[in-house]
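Peer 1: Taking this note's numbering, I'd label the letters of the first sequence as residues 372 to 928.
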Amino acid sequence: MNENLQQSIAKQLTNNRQIASRSKIEARYPERHLPDGAEVTRFCPSPTGFVHIGAIFTAMICQYVARQTNGVYVLRIEDTDKKREVEGAKELIAQQLKAFEVIPDEGLQADGSVIGEYGPYVQSERGDIYLAFALDLLEKGRAYPCFATSEELQAAVKDQQSKKLRPGYYGEWALWRDRSDDDVQAALDAGKPFVLRFKSEGSHIKRMEFDDVLKGHMNVPENDLDVPLIKSDEYRLPTYHLAHVVDDYLMRAAIIFRGEEWLPSTPLHIELAEALGIKPFRYAHTPVISIVDPNGGGKRKLSKRKDPEADVAYWQEAAYPLRAVKAYLLGLANSNFEEWYKANLDSDLGDFELSLDKLASSRSPLLDMKKVEDYAKDEIASMDQGAFNKAVLAWANAHDSPLFEAMMVDGDFTNRVLSIERDGDQPRKDVAKWSDVPEQFGYFYDEIFATRFVPLITEALEGISDVDVQTACQNFLSGYDHSADKDAWFENMKSAAEKSGYALDRKDLKSNPDKFKGGLADFAKIIRVKTTGKTRTPDLYTIMQIVGEETVLSRLS
RNA sequence: GGUCCCAUCGUCUAACGGUUAGGACACUAGAUUCUCAAUCUAGCAAUACGAGUUCGAUUCUCGUUGGGAUCACCA
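1. On the three-pair Cβ rule with 8 Å, is the region 378-389 touching the region 494-514?
2. DSSP three-state label for Pro826, please.
3. Could you check how far apart the C-beta atoms of Thr906 and Ala859 are, in whole angstroms? I think they sit under 8 Å.
4. Let me check understanding here. Comparing Cα to Cα, which of Glu744, Pro736, Asp739, Val788 lies closest to Gly757?
5. Excluding sequence positions up to five away, which residues of its chain have a Cβ less than 6 Å from the Cβ of Phe414?
6. Return the chain-ordered list of same chain residues with a C-beta closer than 6 Å to the C-beta of Thr785, the five sequence neighbours on each side being excluded.
7. Across which residues does DSSP place Cys517 in a beta bridge pair?
8. Check the C-beta distance from Pro679 over to Tyr685 and give it rounded, since I have them as a contact under 8 Å.
9. Assuming contact is defined by CB atoms lying nearer than 8 Å, are Asp582 and His588 in contact in what I supplied?
10. Restricting to runs no shorter than 4 residues, where is the alpha helix (DSSP H) found entirely within the region 815-880?
11. Thinking C-beta only, is Val436 closer than 8 Å to Glu410?
12. For Ser726, tell me which candidate among Ala767, Leu720, Trp544, Ala704 has the shortest Cα-Cα distance.
13. Checking the sheet assignment: what are the DSSP bridge partners for Arg578?
14. Count the other CB atoms, across all protein chains shown, that sit within 10 Å of the CB of Asn846; report buried if there are 16 or more and exposed otherwise.
15. Quick one: using the 10 Å Cβ neighbour count with 16 as the cut-off for buried, is Gly668 buried or exposed?
16. Could you tell me the distance, in whole angstroms, from the CA atom of Gln480 to the CA atom of Tyr515?
17. Could you check how far apart the C-beta atoms of Gly573 and Glu642 are, in whole angstroms? I think they sit under 8 Å.
18. Does the contact criterion of 3 or more C-beta pairs under 8 Å hold for the region 621-632 versus the region 596-608?
19. For the region 706-721 and the region 417-424, state whether three or more C-beta atom pairs, one from each stretch, are separated by less than 8 Å.
20. Cα separation between Asn768 and Glu920?
21. For Glu543, is the classification buried or exposed, using 16 other Cβ atoms within 10 angstroms of its Cβ as the cut-off for buried?
22. Starting from the Cα of Lys761, find the closest Cα among Arg403, Asp749, Phe775 and give me that residue.
23. Between which two residues does the alpha helix (DSSP H) harbouring Val763 extend?
24. For Lys395, count the other beta carbons within 10 Å of its own beta carbon; 16 or more makes it buried, fewer makes it exposed. Which is it?
25. My output table needs one value for Gly667: the three-state DSSP class, helix, strand or coil.
26. Does the Cβ-Cβ distance between Tyr501 and Ile601 come in under 8 Å?
27. Within a Cβ cutoff of 8 Å, which residues of the same chain sit near Gln531, ignoring the five residues on either side of it in sequence?
28. With a threshold of 7 Å, establish whether the CB of Leu832 neighbours any heavy atom of the ligand SAH.
29. Bridge partners for Val443 per DSSP, in chain order?
30. Classify Pro538 as helix, strand or coil using the three-state DSSP reduction.
31. Tell me the rounded alpha-carbon separation between Pro658 and Leu585.
32. Kindly indicate which three-state DSSP category Ser479 falls into: helix, strand or coil?
33. Can the beta-carbon of Lys461 be found closer than 8 Å to that of Ile448?
34. Spatial neighbours of Leu848 within its chain, please: C-beta separation below 6 Å, excluding the five flanking residues on both sides.
35. Of the residues Asp771, Ser392, Val802, which one's Cα is nearest the Cα of Glu744?
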């Protein structure tokens, strides 16, 4: 390709602007002066308004590796696809990273500020940088313009399929790879849109080898695809492939943590780096978190549409303690984490020594909600009372104002409610997420009880006649003494049960099931449901003591 | 379909070529003088299949089967 033609192409790409040369740009991004062994890691989400839980997993690994090697963990926003970009998504990412305490050392922060000398950290603001590298490739004869329309491209793929050939833009199927200068000039003059493509020198028959940090030795066919490097739209932004190589080179990242879905395009990235004279990166492909499809079928990627829990916003909205979610993810990363966690419940999770060797498993783990909940219950149960109360009230204040107002009426009362069975070595574990609060504590407040819990009573007592319920309550109340201690209270429960036709002894019930309406447990259930609207609650005596005599009498009569 | 990755209880996983195949979550049962939760105890439960190498294979090799990823001007 002659120089004049190259310059015409360059003019088109830069829209006639003068842009800095590659060498000038490189001078702006000097080597970092970091201690030996320090790793620069980078987490690079796209601003789609949706952050996958697996992305937090990868971000955490980046953070840990950087911290453990005294390196730097960079957040870079990959917004080269303007069509997919969602307003406010960049900021959302920064805020979510903060919520999970995976705060980047460089890049956009939750408060909107930007830290670091190797920016801009948003790809759409780096357009000229990519162009400079693209032009460098053009000069070296390793890139060329392609004017093929999407119809032509699709037709080629169809043709390939019918001939049972590998689909793609390569070799003889690379329509514009070996066009004459005249053809290119003509297309350019005609103002046809074009993308700048990479001119691959690989062969699909030859093989290449590389070592993945996590997956080990790879032996794969070389890349021979002439992929687009610069898109044809007015922004002239790069595709991921170019952007990755250029940015990670300039930001001086040597190790690339990214989802496993990138593994197949790694040979391309290695060839691209080579063509640019850039030392190849070390790649570490992390497992993708999956889920078992509830509609049958096998394992699949967690999807935004079908699985709300795939979006980290879900965890925030349900108000899980995010430390527990992190703990779960850490456990997926390193199986020895669980042991460490149990021994260091109060420690900072950052003190855990993450090992890349133990991360080597490359099967996509399945998200286990039950296990996350288990972590979450432990997490909440081990909070001290003050922190617990604060968290409950903060949640109610933000999400349930009727409950919040009810809770604020009498602080002492609320303190007693929130303290039930939380002390001692074996606290209750009813609350896995803060959005469980209304269900767990709402019935203590008369207004909330009336509106949200009374309607549940009928269903909870299904199968028991109204008469039986009434008799049970009457019998219980007739001997009820609010000032009695727990033993006496329980004696009353038993005698009321007996009087109402319930068996006190399980054996009696078993040998003569027809003689009784049920066991003591069945009787207690009636009293419990009438008092709380729920079949599962903490100790009923304690509940009655807290809500007070008047409330007990009114709910049971 | 091509290419690549992967294969241990339901799930996440542990096991220098020699273990009774271990743990955690889930599940089941019993105990804790009421329910539920918690706790304790017990239990259920796995090396995908077939060859080969070896005194010996979950571990190494090959094949089969199965699952996953990818094949865009998306990242």
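Virtual Cβ for every residue (Gly too), placed ideally from N, Cα, C.
Peer 2: With the given structure in hand:
1. yes
2. helix
3. Actually they do not touch by this definition, with Cβ atoms about 25 Å apart.
4. Val788
5. Ala430, Cys433, Leu446
6. Met778
7. Val566
8. 5 Å
9. yes
10. 825-831, 837-849, 857-870
11. yes
12. Ala704
13. Pro592
14. buried
15. Legend: pLDDT at Gly668 = 47, less than 50; position of this residue unreliable, value from coordinates given subsequently. Counting Cβ neighbours within 10 Å, Gly668 comes out exposed, since fewer than 16 surround it.
16. 38 Å
17. 6 Å
18. no
19. no
20. 29 Å
21. exposed
22. Phe775
23. 756-770
24. exposed
25. Below a pLDDT of 50, predicted positions are generally treated as unreliable, and Gly667, at 47, falls in that range; the measurement from the model is reported next regardless. Correct three-state label for Gly667: coil.
26. yes
27. Arg537, Pro538, Gly539, Trp544
28. As for the ligand SAH, it is missing from this structure, which has no ligand bound.
29. Val411
30. coil
31. 10 Å
32. The amino acid occupying residue 479 in the given sequence is Leu; Ser does not appear at that position. Three-state result, Leu479: strand.
33. yes
34. Leu927
35. Val802
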